[in-house]
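Before any comments, here is the structure.
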Amino acid sequence: MSTAEVYWINGPVIRARAHGVFRMKEAVLVGDDRLAGEVIRLSPDAVTIQVFEDTTALMPGAVVEGTGLGLAVELGPGLLGQLFDGIQRPLKVIAETHGDFVGVGQSAPGIDRERLWPYVPTLAEGDRVNGGEALGEVQETPELVHRVLVPADVKGKITWMAPAGDYNVEAPLARILDSAGEEHEIPMLRRRAIRSPRPVARRLTPGQPLLTGQRILDTLFPIGKGGAGEMPGGFGTGKTVLQQTIAKWCDADVIIYIGCGERGNEMASILREFPELDDPRTGRKLMERTVVIANTSNMPVAAREASIYTGITLAEFMRDQGFHVALVADSISRWAEALREIGGRLEELPAEEGYPAYLPTRLAEFFERAGRVETLGGLEASVTVIGAVSPPGGDFSEPVTAHARRFTKCFWALDKERAQARFYPAIHPLQSYSGYVDDVARWWQDRGGMHWQDRRARVLTMLEQQARLEKMAKIVGRDALPAEQRLILVCADVITETLLSQSAFSENDRYCTPEKQLAMLELLDQFMDLAEEAVTAGADPDAFYALPVMRKVQRAGDDVANDDLDAIKDIGREMDEAFAGMTRAGTRESA
Amino acid sequence: MTANTIELMHKGLTRIQGPLLFVKNVSGVGLYESVEVMASDGRQRVGRVVSVDQDNVVVEVFQGVDGLSLSETRLRFLGQPIMLDVGKGMLGRVFNGIGKPLDGGPRVSAEVRLPIQGNAINPVRRMVPKEFIETGISSIDIMNSLVRGQKLPIFSGSGLSHDQLASQVARFARLRGGEAEQFAVVFAAIGVTFDTAERFRREMDEYGALERIALFLNLASDPSTERLLTPRVALTAAEYLAYKEGRHVLVVLTDMTNYCEALREVSSSHDEIPSRKGYPGYMYSDLSTIYERAGRIIGRDGSVTQLPILSMPNDDITHPIPDLSGYITEGQVVLDRDLDRRGIFPPVKLLPSLSRLMNEGIGKGLTDPDHPILALQLYAAYAQAHRLRLLSSVVGEEGLSSADRLILRFGDAMEQKFIHQGGERRTLEESMDIGWQLLAELPDEALLRLSEDQLDRQIRGRRHAR
Ligand SMILES: Nc1ncnc2c1ncn2[C@@H]1O[C@H](COP(=O)(O)OP(=O)(O)OP(=O)(O)O)[C@@H](O)[C@H]1O
Ligand SMILES: [Mg+2]
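Top to bottom, those sequences are chains S and C. Just so you know, this note's numbering puts 139 at position 132 of the first sequence, and the rest follows in order with no gaps. Just so you know, this note's numbering puts 587 at position 426 of the second sequence, and the rest follows in order with no gaps.
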């Protein structure tokens with residue numbers, strides 16, 4: 008392999024004089040500690056490298072070794088349940104060998120070499136195969152069957168198949184003879200470059216929702232499986248809690264959680280909670296379907312830059328086996344800042360806010376790796392990407408928020424005022440939107456939500472009118488508004504409390520089934536009908552607040568368990584009676 | 162790294178620019194290696210290598226460059242990063258901003274030398290902080306609970322009573338039911354006046370806690386670049402006290418705004434492309450290497466809890482210093498000039514304040530099963546009072562319904578009775594009781610966060626009592 012000699016060091020960026028050929032994006036090892044690095048720029052007299060580890064103590068004269076390969080991750084069974092840093096070092100293993108603190112030169116392979124996996128072939132010697140087809144299966148977790156695929160670029164005839172049995176990831180499982188006469192030996196272990204997407208047969212548009220159990224998302228601003236969404240919000244507005252909530256309860260098969268430049272304690276809380284919580288669909292522990300990538304804010308900045316690519320490459324690997332994968336990245340802004348910091352060290356000419364001019368291109372490349380696809384093996388699968396964005400000063404016009412918006416179809420705007428009132432999730436219903444409503448409407452209809460789309464629209468209309476009327480009320484006083492307008496304000500209040508408010512920490516309400524969401528939407532629809540009738544008959548809308556049943560309506564999320572939907576029907580009946588009573592009383596009064 | 166000590170001939174130094182020394186013809190020097198810089202008067206300063214190019218290095222000097230000349234300055238490269246000697250007997254002592262004794266006492270027995278930069282805690286070894294610390298302050302205990310291992314800054318403004326609040330927390334803090342907590346306190350003065358540091362020391366003294374506190378002082382008159390070292394030095398000492406001596410250490414860092422100013426100053430002397438308001442683009446990462454040193458580690462007894470103080474320039478919470486801090490810390494306690502003017506102490510502005518680790522540390526089996534819901538309901542009602550206050554300032558109170566007027570009154574009571582407490586220490590039970598009392602003034606339909614059961618247990622009884 009080629010080598011080079013370091014002569015210039017500036018934080019995570021170094022320059023070296025090359026002896027031999029280096030390629031762009033080639034992975035390299037630097038110095039005696041063999042720090043991981045990547046070639047990011049080439050000129051006749053210098054190889055410029057970003058180093059993924061702390062460069063403290065690195066000296067001119069240190070030797071750089073090329074690897075001849077792009078920056079890559081290791082793939083195979085054994086990813087699930089793991090916690091990796093931004094360049095896929097397994098942090099549990101590292102803690103066992105190196106103690107409580109991460110430091111220079113600590114490394115271990117991403118995939119355990121020793122562990123044996125129970126392998127069962129699904130094809131036989133003599134079969135013809137194409138890239139992306141499954142050769143055999145491994146029961147990776149009690150719930151998930153890992154498929155061992157033929158590499159995408161290999162096709163031919165199986166000349167040898169390992170019998171069923173326990174194998175480590177390096178053991179050959181099959182040999183395939185291609186048409187050029189070359190024989191390929193296939194183990195479970197793969198190395199894949201992280202910077203470019205893995206091939207698929209065909210891209211499809213999202214057709215079913217990724218259910219998150221959060222009413223404001225699923226009912227108002229749904230994301231499709233294979234969609235891309237952005238979640239911007241100032242500090243403390245609830246991005247991380249929402250990301251974790253999605254990671255816990257969404258109906259994907261596999262979750263990739265990327266802590267990109269955020270807090271160590273947040274990673275610790277995932278590691279503590281996920282192994283204890285049950286997946287509502289399978290009853291298995293959540294950690295079994297989760298891979299965590301943790302590159303906290305105080306870990307090296309270049310590895311932070313790599314972390315989202317490491318994450319999405321893992322996601323694609325699982326997708327290619329036919330799974331629905333949800334990737335949440337917290338936060339995309341920290342990745343962009345890493346890009347900016349490295350760009351600054353290269354003395355690149357900055358564009359907006361000091362970010363490099365290629366920021367939008369990189370964002371587009373990343374979000375484009377989301378999608379619902381038909382895999383090379385002919386399976387339907389998806390990667391959904393949800394990125395938190397941390398705009399400076401909470402200003403959504405800044406470059407990362409604004410550019411990410413161009414490449415995503417869901418925009419979940421977290422609102423400071425709601426968060427300060429401890430109204431959670433603090434998603435602003437008027438600033439947020441989803442481009443997947445039409446794609447998923449069918450799914451809701453098939454679930455019995457015949458009026459899903461209309462009711463959703465009615466709710467949103469109320470909220471829009473509320474915003475307008477509140478402005479007016481500020482000038483003339485609420486009491487000066489006519490009853491029909493005050494009715495709208497009351498309806499919007501009730502919608503806000505009933506549908507939008509949902510605590511991530513409530514036993515009943517942290518996850519809301521689609522059935523309960525439909526029931527609650529229907530309950531609100533019924534309330535609006537009754538309230539309109541009553542006001543037409545002369546009732547004072549502000550009097551509705553004091554009806555005892557209204558507390559029950561607004562607390563239905565918290566008080567009613569997912570498997571007790573009759574309770575919502577009961578509230579509906581009680582509401583009918585309460586309004587009937589009020590109308591009777593009203594008629595008597597006016598009589 | 163080998164401890165190769167290179168004494169340089171004076172002609173090595175080619176340029177002095179801001180705090181930077183440009184040195185030629187050195188080899189065998191590593192990035193971030195520490196450097197002793199000696200002027201002709203024999204005064205020694207600390208520096209470190211910040212970039213290395215062929216045989217040229219750039220040295221950043223932390224203690225001012227006044228009096229340095231090109232020809233008579235000698236540099237010693239120490240072959241290791243900047244270190245601090247730590248050992249027994251640090252408590253009860255006063256040090257300067259780089260950890261040298263200021264009180265005339267002996268040097269600290271150097272049991273270990275630790276790099277002041279510290280290392281990132283491996284996330285898998287972190288223990289989620291969840292031990293509730295009772296600070297005796299209602300607006301913190303009930304509404305923004307502090308737990309061991311948390312980093313909870315005070316966002317303040319110049320002239321507000323943040324130092325007083327910090328010293329109150331340091332004196333009052335204890336675990337529930339426990340004796341006065343065996344807290345050790347590390348106090349780092351970063352570019353503040355001697356008075357500030359002295360007042361803190363005196364208050365601890367009056368409380369008989371002087372032997373539990375170590376002070377690190379970089380005063381306003383000290384070189385500004387030294388401020389880049391002071392928090393790191395203090396935290397290195399704190400980590401020793403926590404992880405080697407098993408103590409629960411509260412670290413007060415005041416004022417982080419001065420730290421950020423120093424960072425900006427040094428960055429601009431490097432000709433770096435600035436980000437917002439001239440602060441360097443890496444300020445977030447840099448601050449995180451300070452704040453993220455708070456925590457608890459699995460299997461170790463002690464903990465490091467941080468109470469950084471920062472004054473928001475122009476009271477603007479979106480200014481890069483509070484903004485980037487807020488993105489790293491686990492919440493913030495915001496102080497308000499208006500409350501202060503009205504004589505409310507501590508002047509905690511509840512709505513923008515937040516403790517993110519609160520959910521981990523309160524509730525059933527930890528504080529009180531109804532503590533979380535009490536906090537949520539108080540916040541919801543107080544936020545509504547706040548909205549109505551804005552509204553009534555336009556349409557007048559007559560424009561409000563009687564229900565709304567009740568809420569407005571609740572908002573005032575909240576400030577007068579709950580937030581305001583002067584120098585008094587309240588137990589959690591006392592604070593909770595005040596909270597429930599205030600809520601009991603509101604009708605059921607204004608208490609949507611509370612279940613029927615909670616209304617029965619906490620509210621209805623209190624209404625009848627009146
Ligand atoms: N859905 C929710 N239910 C209950 N509490 C919530 C919810 N969302 C947020 N919170 C509360 O708000 C706090 C802050 O939320 P979070 O940490 O998610 O903010 P963030 O937007 O990620 O901030 P940062 O950008 O600084 O990381 C949490 O600690 C929690 O107490
Ligand atoms: Mg967050």
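By construction, the Cβ of each residue, glycine as well, lies at the ideal position given by its N, Cα and C atoms.
Relative to the non-hydrogen atoms of ligand 1, the Cβ of S:R379 never comes closer than 8 Å to any of them. Closer than 8 Å to some heavy atom of ligand 2: that describes the Cβ of S:A395.
Contact between S:E192 and S:P179 holds: their C-beta atoms lie close to 4 Å from each other, under 8 Å. With respect to C:I489, C:L549 sits apart: the two C-beta atoms are not nearer than 9 Å.
Three or more pairs of CB atoms, one per stretch, sit closer than 8 Å, so the stretch 304-322 of chain C contacts the stretch 499-513 of chain C.
The beta-carbon separation of S:T10 and S:G85, rounded to 33 Å, does not stay under the 8 Å limit for a contact. Pairwise C-beta distances place the stretch 269-282 of chain S in contact with the stretch 301-315 of chain S, as three or more of them are shorter than 8 Å. In this structure, S:G318 lies away from S:P206, with their beta-carbon atoms at least 9 Å apart. Relative to the non-hydrogen atoms of ligand 1, the Cβ of S:Q509 comes within a distance shorter than 8 Å of at least one. For C:R286, the closest Cβ of chain S is nearer than 9 Å. For S:H153, no alpha helix (DSSP H) encloses it; the enclosing beta strand (DSSP E) starts and ends at V152 to L156.
Within the stretch 98-113 of chain S, the residues whose Cβ lies closer than 7 Å to any Cβ of chain C are, in chain order, L98, K99, I101, A102, D107, F108, V109 and G110. For the stretch 65-86 of chain S, the set of residues with a beta-carbon nearer than 8 Å to any beta-carbon of chain C comprises L65, M66, P67 and G68, in chain order. Boundaries for S:Q533: no beta strand (DSSP E) harbours it, while the alpha helix (DSSP H) harbouring it runs P521 to T543, taken from the DSSP string.
Cα atoms of C:S188 and C:T296: separation of roughly 53 Å, rounded to the nearest angstrom.
Identification of chain S residues near C:D605 by a Cβ-Cβ cut-off of 9 Å yields A553, P555 and R558, ordered along the chain. Under the DSSP assignment, S:Y126 falls outside any alpha helix (DSSP H), being part of the beta strand (DSSP E) whose first and last residues are W124 to P128. For C:V412, there is no enclosing alpha helix (DSSP H); the residue is found in the beta strand (DSSP E) stretching over H409 to T415. Between C:T386 and chain S, the shortest Cβ-Cβ separation is not below 9 Å. For C:I277, not one C-beta of chain S is nearer than 9 Å to its own C-beta. Classified as exposed, S:P51 has fewer than 16 neighbouring CB atoms from the shown chains inside 10 Å of its CB. Counting only the Cα atoms, S:Q251 lies some 19 Å from S:P398.
Remark: fewer than three beta-carbon pairs, one from each stretch, lie closer than 8 Å, so the stretch 569-587 of chain S and the stretch 192-202 of chain C are not flagged as touching. No Cβ-Cβ contact shorter than 9 Å links C:I315 with C:L515. Spatial neighbours of S:Y316 in its own chain (CB-CB distance under 7 Å, excluding positions within 5 residues in sequence) are listed in chain order as I201 and R202.
For C:A403, no chain S residue has a C-beta closer than 9 Å to its own C-beta; the minimum C-beta separation is roughly 12 Å.
Using a Cβ-Cβ cut-off of 7 Å, S:S404 is close to nothing in chain C; its nearest Cβ partner there is about 13 Å away. Between the C-alpha atoms of C:Y443 and C:L424 there is a straight-line separation of about 10 Å. Three or more beta-carbon pairs drawn from the stretch 560-576 of chain S and the stretch 607-617 of chain C are found closer than 8 Å, and the two stretches are therefore classed as touching.
Annotation note: the stretch 277-331 of chain S contains the following uninterrupted alpha helix (DSSP H) runs of length 4 or greater, listed N- to C-terminal: 308-327. Take S:P367, set aside five residues on each side of it, and the residues of its chain with a beta-carbon closer than 6 Å to its own are H410, in chain order.
Per DSSP, S:D173 is one residue of the beta strand (DSSP E) stretching across G172 to Y174. Counting only residues of its own chain and dropping the five nearest sequence neighbours on each side, C:D497 has a CB closer than 6 Å to the CB of P508 and K510. Scanning C:E606, C:L518 and C:G310 for the CA closest to the CA of C:R461 turns up C:G310. Minimum Cα-Cα distance from C:D499 among the listed residues C:T588, C:G318, C:L411 and C:R570 corresponds to C:G318. Annotation for S:P432 indicates a beta carbon within 8 Å of some heavy atom of ligand 1.
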